[in-house]
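K.L.:
In UniProt numbering, the protein residues as written are 1 to 110.
Here's a structure for you.
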């Protein structure tokens, strides 16, 4: 189902997404120093949410993941680093249309 989101992912994640029917523009890892690059897209404001869940403990992947997470935090971009939370977030977005979301003050929730 098309929801109007644009997805960006590094190579391995983009391949996983494609295998599950989701298109994503492939971005290079930060340490690859070539464009399009994940850090450039984050810095340029093209990314509104970062989901970064390390899949192994290889130094290069951990370094790349750290750079992506650090840049997101530095620029106040929402960051999800937990697989269960990412799943729940996707489920919630899928169940609720953007039009149905209403902006409320914090006090309206407490």
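Heads up, the beta-carbon is just placed ideally off N, CA and C, and yes, glycines get one too.
(1) Pick from 35, 52, 23 and 28: whose alpha carbon is nearest that of residue 78?
(2) Going along the chain, which residues of its own chain have a beta-carbon closer than 7 Å to the beta-carbon of residue 63, five neighbours each way excluded?
(3) Per DSSP, what kind of secondary structure is residue 42 in: helix, strand or coil?
(4) Using only the alpha-carbon positions, how far apart do residue 46 and residue 108 sit?
(5) What does a CB cutoff of less than 6 Å around residue 36 pick up in its chain, not counting 5 residues either side in sequence?
(6) Please state whether the Cβ-Cβ distance between residue 71 and residue 105 is less than 9 Å.
P.N.:
So, from the listed chains and residues:
(1) Walking along the chain shown from the start, residue 78 turns up at place 78. The option with the nearest alpha carbon to residue 78 is 52.
(2) Walking along the chain shown from the start, residue 63 turns up at place 63. Closer than 7 Å at Cβ, skipping near neighbours: 31.
(3) Here the question's residue 42 lines up with position 42 in the chain shown. Of the three classes helix, strand and coil, the one that applies to residue 42 here is helix, per DSSP.
(4) For this step, residue 46 is matched to residue 46 along the chain shown. For this step, residue 108 is matched to residue 108 along the chain shown. So the two alpha carbons sit approximately 30 Å from each other.
(5) In the chain shown, the residue the question calls residue 36 occupies position 36. 27.
(6) Reading the chain shown from its first residue, position 71 is the one you call residue 71. Reading the chain shown from its first residue, position 105 is the one you call residue 105. Cβ distance not < 9 Å, so residue 71 and residue 105 don't count as in contact.
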